[in-house]
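Numbering (the working numbering), first residue to last: 5 to 520.
Everything below concerns the one structure shown next.
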């Protein structure tokens, strides 16, 4: 049995196409400004906190979140989403106070330039490589998620949907650079939020008891905090909370965030964007939770309306609801919201991967003496090539079969992101961490988690050795422990001459000296 498209009218098409064309035009408006790599990657360093904050929030809540979190809440509970919110309460102040001063002092384009100052070029390249691999896979999933929904609603092939999303976002990102990324994200933030609130409101209108019935059902069935056990093989509240707290530096070492913080025109504007993002995350997570519990309440009230295919699939719940329950015209707006979720993450990720390849690899290793004009041309061409590559990667993942988009996303974030966070922890909080011991620690942790993942997939029959939601924290801890103790034992790997300056201890010492 297959879900078929239903009632996507000419007006729905008009709304969706108006959004797509409008975003393409808006992004293209910044093409004439692209005269330097500073403009292309950091919007000339002239942005204020408000658009940066909205761009960060829009990218964080991608199409993977739009589809995956409500589906998970429907199947289990909202504890995972609430745990993420608690983690953010610690993470963003920590990033603003600890990491941001190093980035702004060095005036970096990529976060991994800090690693060269603290360690050496090889560590910088390792961190950059981990980011590129992880984000390439993540962006392919970001394109695939709304494409699955679009194919359900419109009845077209998933491959065609992937091509539409990937190629359109690639075009305006290549033309407009970081300015296009930030300002299109601002528009997409409001469209995405409107679509999510609309779903919640439509469910309430359809239920006999309205909003009250949604919350009564959620409380009755423990949908806010359900499974509160601690089991490292399951994504429970405490597992996600502990994992997140260990990876608290995560968003601060992710080029996806750092690059937009470096677009701020001053240190205070960059700090404000982070702190106000923390405030904005509260309603954003609340909206995601409301979507999930409202869909659960609806199908509890009308169980005969739920397809067996949707019950089996983890990512078809929201598209199925759009097909069968959303009125004409509003379907187009909801689909525009889904496109906004995808494109706001795709454009940011694309520009940031290109920045890493251009600044960390092309400009630092391949063509060290290349002038800025040549780097800019390289970046613009690479944007098109990489955008096409990610789009084809999404098609390849779809052809290979995929059980859950959000599970695969979390798996690869854990595999590659955890070791990178560990490298930064060693660099910022220890003076003894050295280049090659740190590299060995990161690679050892990656291999260890790859082995665990293979055992989980092909050997373990019942349960898991380790939940994919614990991959990141486990690999981070392994990196720190192995890297630190090998640094203590090794005489063959000297410290970077400036390693003390770029630790938290050196930073605090400099603050004391600057006081009158």
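All residues carry an ideal CB built from backbone N, CA and C; glycine is no exception.
Taking every protein chain shown into account, the CB of residue 117 has 16 or more other CB atoms within 10 angstroms, so this residue is buried. Within the stretch 205-262, the alpha helix (DSSP H) runs of at least 4 residues that lie entirely inside it are, in chain order, 214-224, 241-250 and 254-257.
Counting every other CB atom within 10 Å of its CB across the protein chains shown gives residue 487 a total of 16 or more, marking it as buried. Setting aside the 5 residues that flank it on each side, residue 480 is surrounded in the same chain by 250, 251, 422, 423, 425, 426, 429 and 449, each with a C-beta closer than 8 Å to its C-beta; the list follows chain order.
For residue 409, the closest of 171, 28 and 75 by C-alpha to C-alpha distance is 75. DSSP, reduced to helix, strand and coil, places residue 51 within a strand of the structure shown.
Nearest neighbour of residue 62 by Cα position, chosen from 200, 102 and 13, turns out to be 200. Residue 100 sits in a helix when the DSSP states are folded into three classes. A straight-line Cα-Cα distance of about 13 Å links residue 107 and residue 505. Residue 268 carries a strand assignment under DSSP once its states are collapsed to helix, strand and coil. By the neighbour-count criterion, in which a residue is buried when 16 or more other Cβ atoms sit within 10 angstroms of its Cβ, residue 513 is exposed. Counting C-beta atoms within 10 angstroms of its own C-beta, residue 308 has fewer than 16 neighbours from the protein chains shown and is therefore classed as exposed.
The continuous alpha helix (DSSP H) containing residue 480 extends over residues 475-493. Going by C-alpha positions, residue 193 is about 7 Å away from residue 58.
DSSP, reduced to helix, strand and coil, places residue 421 within a helical segment of the structure shown.
In the three-state scheme derived from DSSP, where H, G and I count as helix and E and B as strand, residue 161 is classed as coil. Contact between the stretch 396-403 and the stretch 371-379 is not established, with fewer than three Cβ pairs separated by less than 8 Å.
DSSP, reduced to helix, strand and coil, places residue 320 outside both helices and strands of the structure shown, so it counts as coil. By the Cβ neighbour-count rule, residue 258 is buried, with 16 or more other Cβ atoms within 10 Å of its own. By the 16-neighbour rule on beta-carbons within 10 angstroms, residue 125 is exposed. The C-alpha of residue 182 lies about 11 Å from the C-alpha of residue 50.
Annotated three-state conformation of residue 286 is helix, per DSSP. When only Cα atoms are considered, residue 146 and residue 415 end up about 14 Å apart.
Per DSSP, the unbroken alpha helix (DSSP H) holding residue 45 starts and ends at 41-46.
Boundaries of the alpha helix (DSSP H) harbouring residue 460: 439-462, taken from the DSSP string.
Three or more beta-carbon pairs drawn from the stretch 36-48 and the stretch 260-277 are found closer than 8 Å, and the two stretches are therefore classed as touching. For residue 203, the CB contacts under 6 Å within the same chain, skipping 5 residues up- and downstream, are 295 in chain order. In the structure shown, residue 414 adopts helical secondary structure according to DSSP, grouped into three states. The stretch 204-221 and the stretch 350-365 do not touch, with fewer than three beta-carbon pairs separated by less than 8 Å. Looking at the backbone, the Cα of residue 42 and that of residue 173 are separated by about 21 Å. For the options 298, 359, 442 and 354, the alpha carbon positioned closest to that of residue 81 is the one of 298. Residue 186 counts as buried, since no fewer than 16 other beta carbons sit within 10 angstroms of its beta carbon.
For the set 387, 445, 55 and 482, the Cα lying nearest the Cα of residue 140 is the one of 387. Rounded to whole angstroms, the gap between the alpha carbons of residue 188 and residue 435 is 41 Å.
Separation of residue 180 and residue 352 (C-alpha to C-alpha, rounded to the nearest whole angstrom) is 12 Å.
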